[in-house]
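Colleague: Adding 1 to a residue's 1-based position in the sequence shown gives its number in this note's numbering.
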Amino acid sequence: MMKTILIVLAALLLPALGQAQKSADLTSGPQLKLQKPAAAASKAVVDTLFPDILLDTCSQTVTAYGISQSIGGFVIGSNDYGDLIKVQRIVANTDEPFVVTGMVVAFAGYDQGIEDTHLRAVVYNDLNADSTFGDFLGASDSVRVGDVALPSNQQLGFTEFKFSTPVLVENDSFFIGIDFSDTYTGSEESYIGLFHTRDTCGDGRNVYESYIDIAEDTIYSSVFENWEGLNVEIFMLVATDTDINTSVRQPVADYSASVSPNPTAGRTLIRFTADDPTARYATTLTDLTGRQLRQQVLDRPSYQAQVEWSLNDLPAGIYLFHIDGPRGRQSGKVIVR
Numbered sequence: 002m003m004k005t006i007l008i009v010l011a012a013l014l015l016p017a018l019g020q021a022q023k024s025a026d027l028t029s030g031p032q033l034k035l036q037k038p039a040a041a042a043s044k045a046v047v048d049t050l051f052p053d054i055l056l057d058t059c060s061q062t063v064t065a066y067g068i069s070q071s072i073g074g075f076v077i078g079s080n081d082y083g084d085l086i087k088v089q090r091i092v093a094n095t096d097e098p099f100v101v102t103g104m105v106v107a108f109a110g111y112d113q114g115i116e117d118t119h120l121r122a123v124v125y126n127d128l129n130a131d132s133t134f135g136d137f138l139g140a141s142d143s144v145r146v147g148d149v150a151l152p153s154n155q156q157l158g159f160t161e162f163k164f165s166t167p168v169l170v171e172n173d174s175f176f177i178g179i180d181f182s183d184t185y186t187g188s189e190e191s192y193i194g195l196f197h198t199r200d201t202c203g204d205g206r207n208v209y210e211s212y213i214d215i216a217e218d219t220i221y222s223s224v225f226e227n228w229e230g231l232n233v234e235i236f237m238l239v240a241t242d243t244d245i246n247t248s249v250r251q252p253v254a255d256y257s258a259s260v261s262p263n264p265t266a267g268r269t270l271i272r273f274t275a276d277d278p279t280a281r282y283a284t285t286l287t288d289l290t291g292r293q294l295r296q297q298v299l300d301r302p303s304y305q306a307q308v309e310w311s312l313n314d315l316p317a318g319i320y321l322f323h324i325d326g327p328r329g330r331q332s333g334k335v336i337v338r
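(1) Between which residues of its own chain and K44 is the CB-CB distance below 8 Å, once the five residues before and five after are set aside?
(2) Is the Cβ-Cβ distance between F164 and Y125 less than 7 Å?
(3) Output the residue ranges of the alpha helix (DSSP H) runs that lie fully inside the stretch 204 to 235 and measure 4 residues or longer, sorted by chain position.
(4) Whose CA, out of I77, D314, P167, P262, lies closest to the CA of N232?
(5) Along the chain, which unbroken stretches of the beta strand (DSSP E) at least 3 residues long are found entirely within the stretch 66 to 139?
(6) Can you grab the Cα-Cα spacing for the pair D183 / L299, in whole Å?
(7) Suppose you measure from the CA of L321 to the CA of K334; what does that come to, to the nearest Å?
(8) Indicate the three-state DSSP secondary structure (helix, strand or coil) for T160 in the structure shown.
(9) Helix, strand or coil for L315, going by three-state DSSP, please let me know.
(10) I need the straight-line Cα distance from R338 to P316, nearest angstrom please.
(11) Quick one: Cα of F137 to Cα of C59, how far?
(12) How should I91 be labelled, buried or exposed, when 16 other C-beta atoms within 10 angstroms of its C-beta is the threshold for buried?
(13) Please identify the residue among G329, D288, S69 whose C-alpha is closest to the C-alpha of D81.
(14) By DSSP, does S339 sit in helix, in strand, or in coil?
(15) Can you give me the Cβ contacts of N172 inside the same chain, cut-off strictly under 8 Å, excluding the 5 residues immediately before and after it?
(16) What does A275 pair with, by DSSP beta-bridge criteria?
(17) Mind reading off the beta-carbon distance from I86 to E210? Whole number of angstroms is fine, and I expect it under 8 Å.
(18) Buried or exposed: which applies to N154, given that a residue is buried once 16 or more other Cβ atoms fall within 10 Å of its Cβ?
(19) In chain order, what residues of the same chain have a beta carbon less than 6 Å from the beta carbon of R281, not counting five sequence neighbours either side?
(20) Assign G147 to one of two classes, buried (16 or more other C-beta atoms within 10 Å of its C-beta) or exposed (fewer than that).
(21) Taking buried to mean at least 16 other C-beta atoms within 10 Å of its own C-beta, is L157 buried or exposed?
(22) Report the three-state DSSP secondary structure of L151 (helix, strand or coil).
(23) Can S222 and G205 be called in contact, C-beta distance under 7 Å?
(24) Taking the alpha-carbon positions, what's the R268 to V123 distance?
(25) When the Cα of E97 is compared with those of V88, T274, D242, which residue comes out closest?
(26) When the Cα of I213 is compared with those of I319, L286, E116, which residue comes out closest?
(27) Leaving aside the five residues before and after D277 along the sequence, list all residues of the same chain whose C-beta is less than 6 Å from its C-beta, in chain order.
(28) Quick check: what's the CA-CA separation for A266 versus S311?
(29) Could you spell out where the beta strand (DSSP E) holding D180 opens and where it closes?
(30) Which residues does DSSP pair with F322 in a beta bridge?
(31) State buried or exposed for G54, treating a residue as buried only when at least 16 other CB atoms are found within 10 Å of its CB.
Okay, structure coming up:
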């Protein structure tokens, strides 16, 4: 089903590039009529999801806004602003849990200096009730930047991100997008960007980004808030399946874990109950994109197990700890000040 849509889109879409610095000039392209596919008639419904705005006539023009001549890159992509992720809100028309099995996006271009770095598709819960960013749910297999498809002969190229471990989504609204964290360091000025709708086509509050600001803090906010009211949405297609048995995601467990101190400015101690004395317990610390920062494996630990990590080298922000054991995974937050 997804391949059928891609054939139609690839034949019709023409990229239109603009330059902007927290705003964008509009550049027209050819018209596109996009129809949402019908769900497969089977017990396990395989469907293709995309932003609702792609059914609006305004989305018949796609674009990729640049930043400026002095600050290279794209508004939707890795650049001198230190982008880590760009994610799009997707709403599924179902009350049942489902798994994400794949995603395709159209890239606008990249700097050859980062062609040997890698990208991943990442999935998050939607915003929490207090408007904080949702929890990380999972990630796709990696794709080398040098292998992404770029526009050719005035047609968009599409890059597929496969989820060898399908990601379980239990709410009808979620975020999915691209993790750029491997393409950016403080010493680089490279870029890679995504195509998206033109300004005023969509709601910039449906697109969230994480980036490193000038104070080296990790910021999570909407494109609308960060780019002076820019209202765009990312051009992407997401493959889902309601047969959640296709997922090998770890079940949720409770090992009575505690973190102290939390928040911390240096070391942190994680204590948990290892109730199977013959089992192996793996503990990891990740950032919110799922990138692993610490790991320690405990073989046959004592009943009251603990792991201590030094976090002095990490920038201030929210991180996740994970304990994987025989009953599944327990996760929680670690706040670094």
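For glycine and all other residues, C-beta sits at the position ideal for the given N, C-alpha and C.
Modeller: Looking at the coordinates:
(1) Translated into the one-based positions of the sequence shown, residue 44 becomes position 43. With a pLDDT of 34 at K44, under the threshold of 50, the modelled position of this residue cannot be trusted; read the value that follows with caution. Counting only Cβ-Cβ distances below 8 Å, and skipping sequence neighbours, we find D244.
(2) As a working note, residue 164 is residue 163 in the sequence shown. As a working note, residue 125 is residue 124 in the sequence shown. Against a cut-off of 7 Å, the Cβ pair of Y125 and F164 comes out as no contact.
(3) 224 to 227
(4) Mapped onto the sequence shown, residue 232 falls at position 231. Ranking I77, D314, P167, P262 by Cα distance to N232 puts I77 first.
(5) 84 to 92, 99 to 106, 108 to 111, 119 to 126
(6) The residue you call residue 183 lines up with position 182 of the sequence shown. The residue you call residue 299 lines up with position 298 of the sequence shown. Each residue's alpha carbon lies about 28 Å from the other.
(7) Mapped onto the sequence shown, residue 321 falls at position 320. Mapped onto the sequence shown, residue 334 falls at position 333. Roughly 5 Å between the two C-alpha positions.
(8) By 1-based counting over the sequence shown, the position of residue 160 is 159. Strand.
(9) Position 314 of the sequence shown, counted from the start, is the residue given in the question as residue 315. Here L315 sits in coil by DSSP.
(10) In the sequence shown, the residue the question calls residue 338 occupies position 337. In the sequence shown, the residue the question calls residue 316 occupies position 315. Going from the Cα of R338 to the Cα of P316 covers about 8 Å.
(11) As a working mapping, residue 137 is identified with position 136 in the sequence shown. As a working mapping, residue 59 is identified with position 58 in the sequence shown. Answer to the nearest angstrom: the Cα atoms are 31 Å apart.
(12) Taking the sequence shown and counting its residues from 1, one reaches residue 91 at position 90. With 16 or more other Cβ atoms within 10 Å, it is buried.
(13) Position 80 of the sequence shown holds residue 81. Of the listed residues, the one whose Cα sits closest to D81 is S69.
(14) Not covered by the structure: residue 339. The range shown for the chain is 2 to 338.
(15) Taking the first residue of the sequence shown as 1, we reach residue 172 at position 171. Contacts found: N126, D127.
(16) Your numbering for residue 275 matches position 274 in the sequence shown. A275 is not bridged to any residue.
(17) If you number the sequence shown from 1, residue 86 lands on position 85. If you number the sequence shown from 1, residue 210 lands on position 209. Right, their Cβ atoms sit about 7 Å apart.
(18) Here the question's residue 154 lines up with position 153 in the sequence shown. With fewer than 16 other Cβ atoms within 10 Å, it is exposed.
(19) Residue 281 sits at position 280 when you count from the first residue of the sequence shown. So the list reads D300, once near-sequence residues are dropped.
(20) As a working note, residue 147 is residue 146 in the sequence shown. Answer is exposed; the Cβ neighbour count stays below 16.
(21) Here the question's residue 157 lines up with position 156 in the sequence shown. So L157 ends up on the buried side.
(22) Position 150 of the sequence shown, counted from the first residue, corresponds to residue 151. Note: L151 maps to coil in three-state DSSP.
(23) Within the sequence shown, numbered from 1, the residue matching residue 222 stands at position 221. Within the sequence shown, numbered from 1, the residue matching residue 205 stands at position 204. Taking 7 Å as the Cβ cut-off, S222 and G205 do not qualify as a contacting pair.
(24) Here residue 268 corresponds to residue number 267 of the sequence shown, with the count starting at 1. Here residue 123 corresponds to residue number 122 of the sequence shown, with the count starting at 1. Between R268 and V123, the C-alpha separation is close to 28 Å.
(25) For the purposes of this step, residue 97 is taken as residue 96 along the sequence shown, with counting starting at 1. Nearest C-alpha to E97: D242.
(26) Here residue 213 refers to the residue found at position 212 when the sequence shown is read from its first residue. For the residues I319, L286, E116, the minimum Cα distance to I213 belongs to I319.
(27) Walking along the sequence shown from the start, residue 277 turns up at place 276. Cβ neighbours of D277 beyond the five flanking positions: P327.
(28) Along the sequence shown, one-based indexing puts residue 266 at 265. Along the sequence shown, one-based indexing puts residue 311 at 310. Near 9 Å, if we compare the C-alpha coordinates of S311 and A266.
(29) For the purposes of this step, residue 180 is identified with residue 179 of the sequence shown, where counting begins at 1. Its beta strand (DSSP E) spans residues 174 to 180.
(30) Here residue 322 corresponds to residue number 321 of the sequence shown, with the count starting at 1. According to DSSP, which records beta bridges pairwise, F322 is partnered with L286, G333.
(31) Translated into the one-based positions of the sequence shown, residue 54 becomes position 53. The sequence shown places Ile at residue 54, rather than the Gly named in the question. It is buried - the Cβ of I54 has at least 16 other Cβ atoms within 10 Å.
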